[in-house]
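Just so you know, the working numbering puts the end of the sequence shown at 1188, numbered straight through with nothing missing.
Beta carbons are placed, not taken as given, at the ideal position from N, Cα and C, and that holds for glycine.
All values reported here derive from a predicted model rather than from experimental measurement.
Heads up: the structure comes next, in structure tokens.
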Amino acid sequence: MEQRFTVMSREWCHLCHDLVDALRPLADAAGWDIEVIDVDQHPDLEARWGEWVPVLLHGEHELCHYHLDEAAVRAYLGGFPLESRA
């Protein structure tokens, strides 16, 4: 599975921007990318996520919504071995 977080977001949403800003140091430290998707540009995603945005995902795994749950993200990242250990 790709080492990429996906944030379901809205361009005008300050909580969305706050979540991405808080996530960036964790993602950088882990060597993961962040993909931000504006649900307002995708009717199917808007219908699915609606008022839950921002939502932080890894694949189909929902890690948190509204605010970054740093403890949950750190625990989730802890389940992935570092590439240097492989």
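- DSSP places Cys1115 outside any alpha helix (DSSP H), giving it a letter other than H or E.
- According to the DSSP secondary-structure assignment, Val1175 is paired through a beta bridge with no residue.
- The three-state reading of DSSP puts Leu1170 in coil, since its state is none of H, G, I, E or B.
- For Asp1135, the enclosing beta strand (DSSP E) starts and ends at 1135-1140.
- The three-state reading of DSSP puts Glu1164 in strand, counting E and B together.
- The alpha-carbon separation between Ile1139 and Ala1174 amounts to approximately 21 Å.
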